[in-house]
Amino acid sequence: MINLIRTEWLKMRKYKAFWWIIGITALSYPGINYIFYMVYDNLTNQPTQASKLAKMAIGNPFTFPDVWHTVAYFSSWFVFIPSVVVIMFITNEYTFKTHRQNIIDGWSRRQFITSKLIDVLIISLLITLIYSAVSLVAGIANQERLIRDTWGKSYYLGLFALQTFAQLSIAFLIGFLIRKAFLALGVFLFYYVIFEPIIVGLLKVYGRDAGRYMPLEISDRMIPVPAFLGKLNTPEKYQQALNDIRPHVVFTIILTAIIWFICYWVNSRKDLK
Amino acid sequence: MESVLSINNLSKSYGVVKALKGISFDVPKGSVFGILGPNGSGKTTLLGIVMDVLKANGGNYRWFGQPGSPQIRRKIGSLLETPNFYSYMSAIDNLKITQAISGRGTKNDIDEVLKKVNLYDRRKSRFKTFSLGMKQRLAIAAALLGDPGVLVLDEPTNGLDPVGIAEIRNLIVELRHKGYTVIMASHLLDEVEKVCTHAAILKTGDLITTGHVDEILMDEDMVELSSADINALSAVLKKMGKEVIIDEKTNTVQIIYPKGIAKMDEINRYCFDNGIVLTQLVLRKKRLEARFFELTNN
Numbered sequence: 001m002i003n004l005i006r007t008e009w010l011k012m013r014k015y016k017a018f019w020w021i022i023g024i025t026a027l028s029y030p031g032i033n034y035i036f037y038m039v040y041d042n043l044t045n046q047p048t049q050a051s052k053l054a055k056m057a058i059g060n061p062f063t064f065p066d067v068w069h070t071v072a073y074f075s076s077w078f079v080f081i082p083s084v085v086v087i088m089f090i091t092n093e094y095t096f097k098t099h100r101q102n103i104i105d106g107w108s109r110r111q112f113i114t115s116k117l118i119d120v121l122i123i124s125l126l127i128t129l130i131y132s133a134v135s136l137v138a139g140i141a142n143q144e145r146l147i148r149d150t151w152g153k154s155y156y157l158g159l160f161a162l163q164t165f166a167q168l169s170i171a172f173l174i175g176f177l178i179r180k181a182f183l184a185l186g187v188f189l190f191y192y193v194i195f196e197p198i199i200v201g202l203l204k205v206y207g208r209d210a211g212r213y214m215p216l217e218i219s220d221r222m223i224p225v226p227a228f229l230g231k232l233n234t235p236e237k238y239q240q241a242l243n244d245i246r247p248h249v250v251f252t253i254i255l256t257a258i259i260w261f262i263c264y265w266v267n268s269r270k271d272l273k
Numbered sequence: 001m002e003s004v005l006s007i008n009n010l011s012k013s014y015g016v017v018k019a020l021k022g023i024s025f026d027v028p029k030g031s032v033f034g035i036l037g038p039n040g041s042g043k044t045t046l047l048g049i050v051m052d053v054l055k056a057n058g059g060n061y062r063w064f065g066q067p068g069s070p071q072i073r074r075k076i077g078s079l080l081e082t083p084n085f086y087s088y089m090s091a092i093d094n095l096k097i098t099q100a101i102s103g104r105g106t107k108n109d110i111d112e113v114l115k116k117v118n119l120y121d122r123r124k125s126r127f128k129t130f131s132l133g134m135k136q137r138l139a140i141a142a143a144l145l146g147d148p149g150v151l152v153l154d155e156p157t158n159g160l161d162p163v164g165i166a167e168i169r170n171l172i173v174e175l176r177h178k179g180y181t182v183i184m185a186s187h188l189l190d191e192v193e194k195v196c197t198h199a200a201i202l203k204t205g206d207l208i209t210t211g212h213v214d215e216i217l218m219d220e221d222m223v224e225l226s227s228a229d230i231n232a233l234s235a236v237l238k239k240m241g242k243e244v245i246i247d248e249k250t251n252t253v254q255i256i257y258p259k260g261i262a263k264m265d266e267i268n269r270y271c272f273d274n275g276i277v278l279t280q281l282v283l284r285k286k287r288l289e290a291r292f293f294e295l296t297n298n
């Protein structure tokens, strides 16, 4: 296993696009959260009675412990950025035919897929570290009293990591099956940005919310809208969204396991051309 | 003789196309084994199966008496079809990947193989900046890394200039003397003839023949003779009841016997008794190219 990690890290660290994507993610996560913080600040820091009422009603979502939830929610919109590098890592192997060479040189087919699983895990870990750093910095910057519960909702760390890994695994599967970098990127982005949101939206209205079982939506529902936005819904609906977290953790784990099983199974049976 | 690779009734289809039709042969240890055949004969498919990038539909193969496995592949240096490397990485980093996966060689060995294929000065250049010949040499360096003892080379001289081709030929001869077993598929029959000890000839998925190169080439005895007057020589030989081929370019006469029948001393005496003094009397091997065309009906 250490050999696989060492080899994949050598491939990764020499790949400039990887560092560009990590850099863009490291900018976009604080960026999107800062934008929403500014919106919140403008809304609640006006010298008007309405502004004070708003602040009382929704609290500060960027203080501990809510900041873990808030930052996870906004950051999760940007999973398509690291998905680019996940797709590139697998399609590169086809482009360079190194998916064959790695086997010829002495990996088993199972080891090859495990090495790609490690890629997705490493990228998910780095993305989670960026999310953690943004949450900590935002939480500390907004800390009003020392007695606040810093780690109260830090379980969102785990939810964010699982959601990132699950959605990047879907990106990986698309790259693995389509093999062509730009086609795979196009298909994933079309699915991520257009197709699934439309299907989920339509099924909310016409299909008893069956869209919750769509591949990306399954893990999206592990991180519901933060409390201050949730209050725009009825309390019952918001509570239902919170109650859905646990089953969706299970669904996400099952779906992700199926995705990797497909990758291992297909790769063990096909000719490597 | 001990076999490095035993292939037993191997078959492979791509849809309706049968790429291999029950091929069987053994590669003896220490041999330079040429796999020959026209385009589409199944050479690359065969090598792809024994290196586990393609799945056979039937039959099996054994390396060193054992079924193929990742552990066994790590002991084999291979170049299949094209040089496959990460284009954004340097030559040295690409060989580090080969080293990490195969477990063959050390950092010093990487430098050594790069020197051996004349790429040491470009070791830090990215693979995508290499010419086709340099890419091919890097692939050969990867195959040689850590002295694997067995090499599988598919068209190893692809993209090389004449100097490069001669270098690879000399390298293979050198490796043979070191005790390597080299399995190589090639179109270049002249190269194969120069370096191979054994060969298998394939045609549209069938094994046409296999064995020691001398056995394959010497399917019949071709005796080449010359004298001061080749017309007189030709007339005398015809009296022997032999069909005579006159080669005016080389001013020689050729007669063909079934394999192992030609007796050179008797031919010499017969000619002398009939008033012909021979200036040349040689038992020739057929050129591999001619034999190849015969066997493959091209």
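Protein sequence lines correspond, in order, to chains P and Y.
50 is the number that our numbering gives to position 50 of the first sequence; each next residue is one higher, with no gaps.
88 is the number that our numbering gives to position 88 of the second sequence; each next residue is one higher, with no gaps.
By construction, the Cβ of each residue, glycine as well, lies at the ideal position given by its N, Cα and C atoms.
From a predicted model like this one, the values you see are computed outputs, not experimental measurements.
Can a CB atom of chain P be found closer than 8 Å to the CB of residue i?
| i | result |
| --- | --- |
| Y/Thr-250 | no |
| Y/Leu-80 | yes |
| Y/Met-184 | no |
| Y/Asn-84 | yes |
| Y/Val-4 | no |
| Y/Asp-307 | Chain Y is shown only over 1 to 298; residue 307 of chain Y falls outside these bounds and no answer can be derived. |
| Y/Asp-93 | yes |
| Y/Pro-70 | yes |
On a CA-only basis, which of the options is nearest residue i? Give me that one, please.
| i | options | result |
| --- | --- | --- |
| Y/Phe-25 | Y/Thr-82, Y/Glu-191, Y/Leu-202 | Y/Leu-202 |
| P/Gly-139 | P/Pro-47, P/Arg-208, P/Ala-210, P/Pro-61 | P/Pro-61 |
| P/Ile-5 | P/Leu-121, P/Val-250, P/Ile-35 | P/Leu-121 |
| Y/Val-16 | Y/Leu-36, Y/Asn-57, Y/Gly-34 | Y/Asn-57 |
| P/Leu-242 | P/Phe-261, P/Ile-253, P/Asp-220, P/Ile-262 | P/Asp-220 |
| P/Glu-93 | P/Phe-172, P/Ser-124, P/Ala-257, P/Ile-262 | P/Phe-172 |
| Y/Asp-221 | Y/Asn-118, Y/Val-282, Y/Val-277 | Y/Val-282 |
| P/Phe-89 | P/Asn-42, P/Ile-21, P/Ile-32, P/Val-187 | P/Ile-21 |
| Y/Thr-129 | Y/Ala-142, Y/Tyr-88, Y/Asp-273, Y/Ala-185 | Y/Tyr-88 |
| P/Tyr-73 | P/Ala-141, P/Arg-208, P/Leu-157 | P/Leu-157 |
| Y/Thr-197 | Y/Met-184, Y/Thr-204, Y/Ile-208 | Y/Met-184 |
| P/Val-249 | P/Leu-162, P/Arg-212, P/Pro-215, P/Ile-194 | P/Leu-162 |
| Y/Ala-141 | Y/Tyr-180, Y/Ser-78, Y/Leu-132, Y/Asp-161 | Y/Ser-78 |
| P/Trp-151 | P/Ser-135, P/Ile-258, P/Pro-47, P/Ile-170 | P/Ser-135 |
| P/Gly-201 | P/Arg-13, P/Gly-211, P/Tyr-40 | P/Gly-211 |
Listing by chain order, which chain Y residues have their CB less than 7 Å from the CB of residue i?
| i | result |
| --- | --- |
| P/Asn-102 | Ile-101 |
| P/Asn-3 | Ala-100 |
| P/Tyr-15 | Tyr-88 |
Locate the beta strand (DSSP E) running through residue i, then write down its first and last residues.
| i | result |
| --- | --- |
| Y/His-198 | 198 to 203 |
| Y/Ser-69 | Here Y/Ser-69 belongs to no beta strand (DSSP E), and DSSP marks it neither H nor E. |
| Y/Phe-33 | 32 to 36 |
| Y/Leu-283 | 278 to 284 |
| Y/Met-222 | 220 to 227 |
| Y/Ile-76 | 76 to 79 |
Please name the residue or residues paired with residue i in a DSSP beta bridge.
| i | result |
| --- | --- |
| P/Gln-289 | Since the displayed chain P opens at 1 and closes at 273, residue 289 of chain P lies outside it and no answer follows. |
| Y/Ile-246 | Y/Val-253 |
| Y/Tyr-61 | Y/Ile-7 |
| Y/Thr-210 | Y/Ala-200 |
| Y/Ser-90 | Y/Arg-126 |
| Y/Leu-20 | Y/Lys-12 |
| P/Phe-74 | DSSP, once it has assigned bridges, lists no residue as partnering P/Phe-74. |
| Y/Phe-25 | Y/Ile-7 |
| Y/Asp-154 | Y/Ala-185 |
| Y/Pro-258 | Y/Glu-220 |
Name, please, each residue of chain P whose Cβ falls closer than 9 Å to the Cβ of residue i.
| i | result |
| --- | --- |
| Y/Lys-96 | Thr-7, Leu-10 |
| Y/Ser-87 | Asn-92, Thr-95, Phe-96 |
Taking the alpha helix (DSSP H) that residue i belongs to, which residues open and close that run?
| i | result |
| --- | --- |
| P/Arg-100 | 98 to 105 |
| P/Arg-6 | 2 to 13 |
| P/Val-187 | 181 to 189 |
| P/Val-86 | 80 to 95 |
| Y/Met-134 | 132 to 144 |
| P/Thr-128 | 109 to 141 |
| P/Gly-211 | Counting along the chain, P/Gly-211 falls outside any alpha helix (DSSP H), and DSSP gives it neither H nor E. |
Is the Cβ of residue i closer than 8 Å to any Cβ of chain Y?
| i | result |
| --- | --- |
| P/Lys-180 | no |
| P/Trp-107 | yes |
Please compile the residues from chain Y whose C-beta is within a distance smaller than 8 Å of the C-beta of residue i.
| i | result |
| --- | --- |
| P/Ser-83 | Result: empty, since nearest Cβ-Cβ is about 20 Å, beyond 8 Å. |
| P/Asp-271 | Gly-48, Val-53, Leu-54, Lys-55 |
Which chain P residues sit within Cβ distance under 8 Å of residue i?
| i | result |
| --- | --- |
| Y/Arg-74 | Asp-105, Gly-106 |
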